[in-house]
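Chemist: So that we are looking at the same thing, I have put the structure below in structure tokens.
Residue numbers (the working numbering): 407 to 571.
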């Protein structure tokens, strides 16, 4: 990790600039065991015309410090964009001091998930993690979602499949 100059040694951990993988504290939050949906990440892809496209995903999880996974529907713009250009950026924000951008290359590791063949499992190989946390603020809340009761079993099964090694 590269660090910027910091006059306060107690907070030097918060002010690193870039890393080749998720730092341990970021990994811990985004590993999201037990099929957790929150916090939500924003994934940016590039469409056929070169325009950026962003979308929120609760299924994003850190599998290792170098790999993220998420689930997407075949009809979603994110899925179709990845067919043409596998470059992605993932904005990951979680209280109180975590705001990072993860740049990487995405690949479909399972085009038809066992739990629902209309959904694909995508894996992102991390190329760089950039610290976007502003030093003078504290993040109070992250984007959070909840699942409607009628979809809980589907989410549990799908996220369980995404967490498999």
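Yeah, the Cβ is synthetic: ideal placement off N, Cα and C, and Gly gets one too.
Do you know whose CA, among 484, 490 and 498, lies nearest residue 428's CA?
Modeler: As a working mapping, residue 428 is identified with position 22 in the chain shown. Minimum Cα distance to residue 428 is reached at 498.
Chemist: Cβ atoms of residue 465 and residue 477: under 8 Å apart, would you say?
Modeler: Indexing the chain shown from 1 puts residue 477 at position 71. Indexing the chain shown from 1 puts residue 465 at position 59. Contact flag set, yes.
Chemist: If I measure Cβ to Cβ from residue 570 and keep anything under 8 Å in the same chain, skipping five residues before and after, which residues do I get?
Modeler: If you number the chain shown from 1, residue 570 lands on position 164. Taken in chain order, the list of residues that qualify is empty.
Chemist: Just to confirm the assignment: which complete alpha helix (DSSP H) runs, minimum length 4, are found wholly within the segment 430-487?
Modeler: DSSP runs (the alpha helix (DSSP H)) wholly in the segment 430-487: 430-437.
Chemist: Based on the DSSP secondary-structure assignment, which residues constitute the bridge partners of residue 493?
Modeler: On the chain shown, residue 493 is found 87 positions in, with the first residue counted as 1. Per DSSP, 511.
Chemist: Grab me the residues of residue 551's own chain with a C-beta within less than 7 Å of its C-beta, minus the 5 sequence neighbours each way, in chain order.
Modeler: As a working mapping, residue 551 is identified with position 145 in the chain shown. For residue 551, where only same-chain residues beyond five positions count, the Cβ hits under 7 Å are 443, 444, 446 and 464.
Chemist: Please name the residue, chosen from 470, 472, 483 and 473, that lies closest to residue 455 on a Cα-to-Cα basis.
Modeler: Along the chain shown, one-based indexing puts residue 455 at 49. Minimum Cα distance to residue 455 is reached at 483.
Chemist: On the three-pair Cβ rule with 8 Å, is the segment 497-514 touching the segment 556-564?
Modeler: No: fewer than three Cβ pairs fall under 8 Å.
Chemist: Sorted by chain position, which residues of the same chain lie with C-beta nearer than 6 Å to residue 469's C-beta, five sequence neighbours on each side aside?
Modeler: Counting from 1 along the chain shown, the entry for residue 469 is found at position 63. Here the set comprises 475.
Chemist: CB-CB under 6 Å to residue 500, same chain, minus the five flanking residues each way: which ones, in chain order?
Modeler: Reading the chain shown from its first residue, position 94 is the one you call residue 500. 435, 445 and 548, listed in sequence order.
Chemist: So residue 530 and residue 441 are in contact, right, with Cβ under 8 Å, and what is the actual spacing, rounded?
Modeler: One-based indexing of the chain shown puts residue 530 at position 124. One-based indexing of the chain shown puts residue 441 at position 35. Not quite, the Cβ-Cβ distance comes to about 19 Å (not below 8 Å), so this is no contact.
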